[in-house]
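Accompanying notes for the structure given below.
There are 2 protein chains.
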Amino acid sequence: MVDYAQIKKDLEGIAVEDHPALVKQKSRDFYWYSPILKSQLDNVTADLVVSPVTEEEVIRTLKVAYAHGAPITPRGGGTGNYGQAMPLSGGIILNMANMNKVKQILPGRVIAETGVIISELDKQTKAHSGQELRFHPSTAQTATIGGFIAGGSGGVGSITWGGLRDLGNILRLRVITMEAEPRILDLTGWDLQKVSHAYGTNGIITEVEMPLAPAYDWVDVLVGYDDFMDAVRFADTLAHSNGLLVKEIAPIAAPAPFEYFTRHKPYLKEGQSVVVIMVAPHSMGPFEALVSRYKGDIRFRSDKVESMKGIPHAYELAWNHTTLRALKIDPSITYLQVQYPAPDHVERVRKTVETFPGELIGHLEFMRFDGSIQCSGLPMVRYTTAERLEEIIRIHEDLGCPIFNPHRYTLEEGGMKQTDVVQLAFKRETDPKGLLNPGKMIAWDNPDFDFKAGKNYLFQGLAAFMEA
Amino acid sequence: MVDYAQIKKDLEGIAVEDHPALVKQKSRDFYWYSPILKSQLDNVTADLVVSPVTEEEVIRTLKVAYAHGAPITPRGGGTGNYGQAMPLSGGIILNMANMNKVKQILPGRVIAETGVIISELDKQTKAHSGQELRFHPSTAQTATIGGFIAGGSGGVGSITWGGLRDLGNILRLRVITMEAEPRILDLTGWDLQKVSHAYGTNGIITEVEMPLAPAYDWVDVLVGYDDFMDAVRFADTLAHSNGLLVKEIAPIAAPAPFEYFTRHKPYLKEGQSVVVIMVAPHSMGPFEALVSRYKGDIRFRSDKVESMKGIPHAYELAWNHTTLRALKIDPSITYLQVQYPAPDHVERVRKTVETFPGELIGHLEFMRFDGSIQCSGLPMVRYTTAERLEEIIRIHEDLGCPIFNPHRYTLEEGGMKQTDVVQLAFKRETDPKGLLNPGKMIAWDNPDFDFKAGKNYLFQGLAAFMEA
Chain A
53 MVDYAQIKKD LEGIAVEDHP ALVKQKSRDF YWYSPILKSQ LDNVTADLVV
103 SPVTEEEVIR TLKVAYAHGA PITPRGGGTG NYGQAMPLSG GIILNMANMN
153 KVKQILPGRV IAETGVIISE LDKQTKAHSG QELRFHPSTA QTATIGGFIA
203 GGSGGVGSIT WGGLRDLGNI LRLRVITMEA EPRILDLTGW DLQKVSHAYG
253 TNGIITEVEM PLAPAYDWVD VLVGYDDFMD AVRFADTLAH SNGLLVKEIA
303 PIAAPAPFEY FTRHKPYLKE GQSVVVIMVA PHSMGPFEAL VSRYKGDIRF
353 RSDKVESMKG IPHAYELAWN HTTLRALKID PSITYLQVQY PAPDHVERVR
403 KTVETFPGEL IGHLEFMRFD GSIQCSGLPM VRYTTAERLE EIIRIHEDLG
453 CPIFNPHRYT LEEGGMKQTD VVQLAFKRET DPKGLLNPGK MIAWDNPDFD
503 FKAGKNYLFQ GLAAFMEA
Chain B
53 MVDYAQIKKD LEGIAVEDHP ALVKQKSRDF YWYSPILKSQ LDNVTADLVV
103 SPVTEEEVIR TLKVAYAHGA PITPRGGGTG NYGQAMPLSG GIILNMANMN
153 KVKQILPGRV IAETGVIISE LDKQTKAHSG QELRFHPSTA QTATIGGFIA
203 GGSGGVGSIT WGGLRDLGNI LRLRVITMEA EPRILDLTGW DLQKVSHAYG
253 TNGIITEVEM PLAPAYDWVD VLVGYDDFMD AVRFADTLAH SNGLLVKEIA
303 PIAAPAPFEY FTRHKPYLKE GQSVVVIMVA PHSMGPFEAL VSRYKGDIRF
353 RSDKVESMKG IPHAYELAWN HTTLRALKID PSITYLQVQY PAPDHVERVR
403 KTVETFPGEL IGHLEFMRFD GSIQCSGLPM VRYTTAERLE EIIRIHEDLG
453 CPIFNPHRYT LEEGGMKQTD VVQLAFKRET DPKGLLNPGK MIAWDNPDFD
503 FKAGKNYLFQ GLAAFMEA
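Residue numbers (this note's numbering), protein chains in the order written: chain A, 53 to 520; chain B, 53 to 520.
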């Protein structure tokens with residue numbers, strides 16, 4: 053048994069919270085997007101929340117936890133959807149949100165502490181020198197940069213820059229190891245793959261160095277189409293238009309826009325699908341020429357409304373926010389994450405749209421992937437049973453559309469369905485006791501797990517919570 | 053007979069030059085890159101050079117020329133390679149180089165007079181707000197922005213932005229028509245296609261509005277490979293790397309780099325091919341990681357040399373400058389312009405490389421084309437006869453690699469081998485007497501010309517010069 057009372061004493065001088073309600077609040081994320089994760093993770097909670105404000109405090113916390121054998125689960129804004137920041141073995145939530153200083157802004161790059169809120173980071177870089185992050189999640193107003201790197205993949209801006217996995221989209225990460233004497237490592241180049249999108253299972257990120265792009269006063273535009281596939285084809289053409297600078301292209305099928313985008317509803321037309329777009333002001337003229345040629349119906353543009361007060365950013369209609377807005381209106385909705393590989397991504401979308409009329413509501417995100425334009429999908433699903441959800445996944449895979457399953461809390465099952473040998477090897481180096489975010493890396497707990505057997509992994513530690 | 057003495061009087065107050073040697077100097081461009089154009093165009097010369105400094109002077113000049121029936125051929129820096137700015141019927145050279153004011157710099161855009169030198173424009177936008185043109189020709193130090201738009205297609209930066217033909221890469225052009233009462237037209241959107249890359253045959257551009265990109269202190273890098281195809285494969289991977297910000301990627305085959313890049317020679321290795329690259333400073337770290345994985349040999353980087361004095365910019369080794377440097381050393385060299393359509397552009401390159409050992413020296417330019425990465429080629433050719441050159445072109449086309457023939461002075465023969473109906477229709481509106489840059493648009497002179505007959509077009513007016 054871990055002695056948390058003693059840990060609390062050992063951490064004197066560092067902010068520690070052990071009130072059960074407050075600890076539980078900081079032990080969750082947006083796992084409830086998934087009815088499956090909701091039933092599995094609802095009772096998960098930590099024993100303590102530790103909120104360091106300096107790297108020294110992080111190191112001291114890790115040292116104490118290591119000595120006591122206490123699990124550590126790092127947390128940023130808690131905006132993940134897959135239980136990334138949920139402590140499946142209890143223990144300590146390491147709340148990084150108070151390490152939020154922007155340290156240096158340079159041409160094309162920024163150095164910041166891990167816990168800065170993404171929109172705040174963008175605000176500072178924009179004010180400093182007209183720069184902003186290359187891309188961000190739709191949760192930019194509440195997510196931290198470190199949490200995005202540890203638990204995210206891409207977002208608003210990925211149409212230009214691709215994802216976090218792409219060399220050059222993270223420049224450096226400073227990482228603390230979970231050892232008797234924690235080490236400080238500065239990772240660059242290919243080494244970044246060891247720790248990005250590893251859910252904090254193999255090191256605690258304390259500082260990030262990220263590339264910046266020019267900041268523009270992006271114009272939010274919603275273009276309506278009576279037919280979803282017309283919207284998709286326009287989106288694809290726009291994505292392929294080298295000369296038009298856009299930051300976001302997301303076709304969203306009817307009835308979602310009119311039904312779920314309540315603040316934009318006055319501008320929308322019932323029954324229409326829309327393409328949610330962010331356009332650089334200096335591309336608006338030629339953009340309008342393209343919309344006109346493709347017979348789009350511009351329903352909304354942020355540069356022409358009287359006031360944006362009460363109207364969310366366009367990017368807060370896209371990515372995971374689309375599902376969030378649907379869930380608010382219809383709690384039976386859940387979602388999937390689909391990849392439609394290029395170059396015939398549009399045709400693949402058409403097939404899946406035809407296969408699930410009424411059951412899936414289309415939502416695509418166009419992005420650059422290994423230098424090619426393609427789209428991913430976050431279709432909304434009218435959920436019936438876990439079995440039917442599995443079937444929908446299988447049918448997608450049969451149509452050549454891989455699924456990244458958002459109803460799984462492990463790295464492998466949500467991702468490539470195989471061991472990430474680089475991340476596993478790094479965990480062996482940095483977390484010999486296996487105390488960092490336990491239960492998220494199957495390869496650590498059960499190296500023999502057979503991903504092809506079709507059975508879901510159930511982490512031992514979690515069983516205790518589920519029985520509770 | 054046109055009365056040029058009277059024209060000179062009518063233009064009093066505007067700078068006019070009629071000294072034959074000076075007029076001849078302003079009547080040529082880099083047509084001599086092509087042994088074929090050299091023999092055809094060597095005697096071409098205008099009667100007068102008129103150098104307006106205001107739009108009013110342009111209008112007055114056109115009005116006078118129209119009244120006298122004098123041909124007008126506009127000229128920027130005279131850096132074209134196909135005789136774009138050469139007056140095939142004599143007449144007036146309209147030298148736009150003195151209309152060179154930068155009028156307004158805004159976020160993402162600049163408004164300038166047509167005759168500003170491109171590098172000067174970039175210098176001003178960079179100093180003003182850290183911005184620069186999206187792309188420019190390798191002749192940026194001497195070419196004008198208006199000349200680039202009228203006679204160019206893409207260049208350094210096209211790896212990110214594509215070419216001038218792409219919607220959004222030109223925002224607005226102000227154009228004067230050639231009529232009894234010249235009109236001022238402001239063209240935007242799709243209308244820009246009427247006049248861009250029309251060699252000034254259907255209007256005189258007086259003002260441009262161009263989009264800007266962020267300016268960085270680009271690092272010039274030359275990466276060596278013993279095998280040209282290894283260089284090509286690395287270049288292709290780099291071009292597909294979303295997260296690495298580069299402005300130029302040009303693989304150039306041995307022996308060209310060591311033989312022809314005299315100022316860089318001390319850094320190069322005999323027998324190696326090189327990839328000429330411009331990298332954003334904040335992408336240098338991850339770029340080095342990529343080079344290392346692809347076993348490239350970094351021979352030169354501008355951020356590590358003691359002084360760049362006497363060393364040209366990397367972009368002045370690329371595009372048409374590659375051929376220029378070859379010609380300085382070996383006057384028997386000429387070149388072609390090849391397109392290698394995606395997605396199997398690398399395989400197409402391999403086939404052409406294998407087909408012409410010793411006769412062609414590979415030179416590729418990677419760029420974005422309708423949203424996909426592909427490459428064009430400007431292979432250097434060891435010239436023997438016009439017949440063999442035609443044969444090389446045919447073989448390329450048989451291999452699925454279209455040729456844009458740089459040995460032709462007409463728009464159609466150098467381009468799509470068909471009438472551009474949009475540009476022709478616009479010429480009917482703007483130049484009813486056909487006085488603008490005569491002989492460059494076959495469709496105007498001879499609507500029945502058969503592009504499939506395999507015969508070259510010979511402009512009547514030019515015959516007089518050739519007999520001279």
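Glycine included, C-beta positions come from ideal geometry on N, C-alpha and C.
- Query: Under the rule that 16 or more other beta-carbon atoms within 10 Å means buried, what is Met-493 (chain B), buried or exposed?
  - Reply: Translated into positions along the second sequence, residue 493 (chain B) becomes position 441. Met-493 (chain B) is buried by the Cβ-count criterion.
- Which bits of chain A does His-334 (chain B) rub up against, with CB to CB less than 8 Å? On the second sequence, residue 334 (chain B) is found 282 positions in, with the first residue counted as 1. Here the neighbours are Leu-158, Pro-159, Gly-160, Arg-161, Leu-223, Pro-263 and Leu-264.
- Item | Cutoff 8 Å; reference Asn-498 (chain B); Cβ partners in own chain excluding five residues on either side | As a position in the second sequence, residue 498 (chain B) is number 446, starting the count at 1. Result list for Asn-498 (chain B): Tyr-509, in chain order.
- Item | Endpoints, the alpha helix (DSSP H) within which Tyr-118 (chain A) is located | Counting from one through the first sequence, the residue named residue 118 (chain A) turns up at place 66. Element bounds for Tyr-118 (chain A): 107-120.
- Item | Backbone CA spacing between Met-432 (chain A) and Asn-372 (chain A) [nearest angstrom] | Taking the first residue of the first sequence as position 1, residue 432 (chain A) is located at position 380. Taking the first residue of the first sequence as position 1, residue 372 (chain A) is located at position 320. About 10 Å.
- Task: Please name the residue or residues paired with Ser-424 (chain A) in a DSSP beta bridge.
- Result: Taking the first residue of the first sequence as position 1, residue 424 (chain A) is located at position 372. The partner list for Ser-424 (chain A) (beta bridge, DSSP) reads A:Phe-421.
- Query: Tell me, which residues are paired with Asn-147 (chain B) by DSSP?
  - Reply: Locating residue 147 (chain B) in the second sequence gives position 95, counting from the first residue. Answer by DSSP bridge pairing, in chain order: B:Arg-127.
- Query: Is the segment 361-381 of chain B touching the segment 86-95 of chain B, taking contact as three or more C-beta pairs under 8 Å?
  - Reply: Short answer: they don't touch.
- Item | the segment 268-282 of chain B / the segment 186-194 of chain B touching (three or more Cβ pairs under 8 Å) | no
- In terms of DSSP beta bridges, what is Gly-295 (chain B) paired with? By one-based count along the second sequence, residue 295 (chain B) stands at place 243. DSSP lists no partner for Gly-295 (chain B).
- Is it right to say Met-262 (chain B) is buried, meaning 16 or more other beta carbons lie within 10 angstroms of its own, or is it exposed? One-based indexing of the second sequence puts residue 262 (chain B) at position 210. Under this definition Met-262 (chain B) is a buried residue.
- Message: For Ile-144 (chain A) and Ile-124 (chain A), which I take to be in contact (beta-carbon distance under 8 Å), what is that distance rounded to the nearest angstrom?
- Response: As a position in the first sequence, residue 144 (chain A) is number 92, starting the count at 1. As a position in the first sequence, residue 124 (chain A) is number 72, starting the count at 1. Yes, Ile-144 (chain A) and Ile-124 (chain A) are in contact; Cβ-Cβ is about 5 Å, under 8 Å.
- Message: If we define contact as Cβ-Cβ less than 7 Å, is Ala-341 (chain B) a contact residue for chain A?
- Response: The sequence position of residue 341 (chain B) within the second sequence is 289, counting from 1. Contact with chain A is found for Ala-341 (chain B), since one of that chain's Cβ atoms lies less than 7 Å from the residue's Cβ.
- Message: I want to see whether chain B comes within less than 7 Å of Trp-213 (chain A), judged by CB atoms only; does it?
- Response: Walking along the first sequence from the start, residue 213 (chain A) turns up at place 161. Cβ-Cβ to chain B under 7 Å: yes for Trp-213 (chain A).
- Query: Helix or strand or just coil, what does DSSP make of Phe-280 (chain A)?
  - Reply: Reading the first sequence from its first residue, position 228 is the one you call residue 280 (chain A). Looking at Phe-280 (chain A) - three-state DSSP - the assignment turns out to be helix.
- Item | Buried versus exposed, by CB contacts within 10 Å (16 or more), Ala-332 (chain B) | The residue labelled residue 332 (chain B) in the question sits at position 280 within the second sequence. So Ala-332 (chain B) ends up on the buried side.
- What are the boundary residues of the alpha helix (DSSP H) that includes Phe-310 (chain B)? Position 258 of the second sequence, counted from the start, is the residue given in the question as residue 310 (chain B). Element bounds for Phe-310 (chain B): 308-312.
- Label Gly-429 (chain A) either buried or exposed according to how many other C-beta atoms from any shown protein chain fall within 10 Å of its C-beta, with 16 as the threshold for buried. Residue 429 (chain A) sits at position 377 when you count from the first residue of the first sequence. Gly-429 (chain A) should be labelled buried.
- Message: Three or more C-beta pairs under 8 Å: does that hold for the segment 335-355 of chain A against the segment 264-278 of chain A?
- Response: Two segments are said to touch when three or more pairs of C-beta atoms, one from each, lie closer than 8 Å; by this definition the segment 335-355 of chain A touches the segment 264-278 of chain A.
- Task: Note the first and the last residue of the continuous alpha helix (DSSP H) segment covering Met-518 (chain B).
- Result: Counting from 1 along the second sequence, the entry for residue 518 (chain B) is found at position 466. Counting along the chain, the alpha helix (DSSP H) containing Met-518 (chain B) begins and ends at 512-519.
- Query: Taking 7 Å as the CB-CB cut-off, is Pro-409 (chain B) touching chain A?
  - Reply: By 1-based counting over the second sequence, the position of residue 409 (chain B) is 357. Answer no: the Cβ-Cβ gap between Pro-409 (chain B) and chain A never drops below 7 Å.
- Tell me whether Val-474 (chain B) sits in a helix, a strand or coil according to DSSP, three-state version. Here residue 474 (chain B) is taken as the residue at index 422 of the second sequence, counted from 1. Three-state DSSP puts Val-474 (chain B) in a helix.
- Query: Should His-292 (chain B) be flagged as near chain A, meaning a C-beta pair shorter than 7 Å?
  - Reply: Reading the second sequence from its first residue, position 240 is the one you call residue 292 (chain B). It does; some Cβ of chain A falls within 7 Å.
- Determine which residues of the segment 420-453 of chain B have a Cβ less than 8 Å from any Cβ of chain A, and write them out in chain order. Arg-420, Phe-421, Asp-422, Gly-423, Ser-424 and Ile-425
- Item | Per-residue contacts from Asp-174 (chain B) into chain A (C-beta, under 8 Å) | Along the second sequence, one-based indexing puts residue 174 (chain B) at 122. Simply none; closest approach about 15 Å.
- Message: Measuring only the C-alpha atoms, how far is Val-343 (chain A) from Thr-106 (chain A)?
- Response: As a position in the first sequence, residue 343 (chain A) is number 291, starting the count at 1. As a position in the first sequence, residue 106 (chain A) is number 54, starting the count at 1. C-alpha separation (whole angstroms): 50 Å.
- Query: Between Gly-182 (chain A) and Asp-355 (chain A), what straight-line distance do the alpha-carbon atoms span, to the nearest angstrom?
  - Reply: Looking up residue 182 (chain A) in the first sequence gives position 130. Looking up residue 355 (chain A) in the first sequence gives position 303. Gly-182 (chain A) and Asp-355 (chain A): Cα-Cα distance of roughly 19 Å.
- Message: Does Gly-241 (chain B) come out as helix, strand or coil in the three-state DSSP assignment?
- Response: Along the second sequence, read from residue 1 onward, the residue named residue 241 (chain B) stands at position 189. In the structure shown, Gly-241 (chain B) sits in a helix (DSSP, three-state: H, G or I).
- Thr-386 (chain A) - containing beta strand (DSSP E), residue span: Your numbering for residue 386 (chain A) matches position 334 in the first sequence. Segment 385-387, the beta strand (DSSP E) holding Thr-386 (chain A).
- Of all the residues that make up the segment 237-253 of chain B, which are near chain A by a beta-carbon distance shorter than 7 Å? Thr-240, Gly-241 and Trp-242
- Task: Return the bridge partner residues of Tyr-56 (chain B) from the DSSP annotation.
- Result: In the second sequence, the residue the question calls residue 56 (chain B) occupies position 4. DSSP output for Tyr-56 (chain B) lists no bridge partner at all.
- Residue from B:Thr-177, B:Thr-407, B:Thr-253 and B:Ile-169 with nearest C-alpha to Ser-141 (chain B): Position 89 of the second sequence, counted from the first residue, corresponds to residue 141 (chain B). Considering only alpha carbons, the answer is B:Thr-253.
- From Ala-179 (chain A) to Ile-157 (chain A), what distance separates their C-alpha atoms? Reading the first sequence from its first residue, position 127 is the one you call residue 179 (chain A). Reading the first sequence from its first residue, position 105 is the one you call residue 157 (chain A). If I take the Cα positions, the gap works out to 11 Å.
- Query: Would you call Val-473 (chain B) buried or exposed, if buried means 16 or more other Cβ atoms sit within 10 Å of its Cβ?
  - Reply: Residue 473 (chain B) sits at position 421 when you count from the first residue of the second sequence. Per the 10 Å Cβ criterion, exposed.
- Message: Do Gly-160 (chain A) and Phe-187 (chain A) count as a contact pair if the criterion is CB distance below 7 Å?
- Response: Against the first sequence, residue 187 (chain A) aligns to sequence position 135. Against the first sequence, residue 160 (chain A) aligns to sequence position 108. No, these two residues do not count as a Cβ contact at 7 Å.
- Taking 7 Å as the cut-off, decide whether the C-beta atoms of Phe-408 (chain B) and Ala-287 (chain B) are in contact. One-based indexing of the second sequence puts residue 408 (chain B) at position 356. One-based indexing of the second sequence puts residue 287 (chain B) at position 235. Cβ distance not < 7 Å, so Phe-408 (chain B) and Ala-287 (chain B) don't count as in contact.
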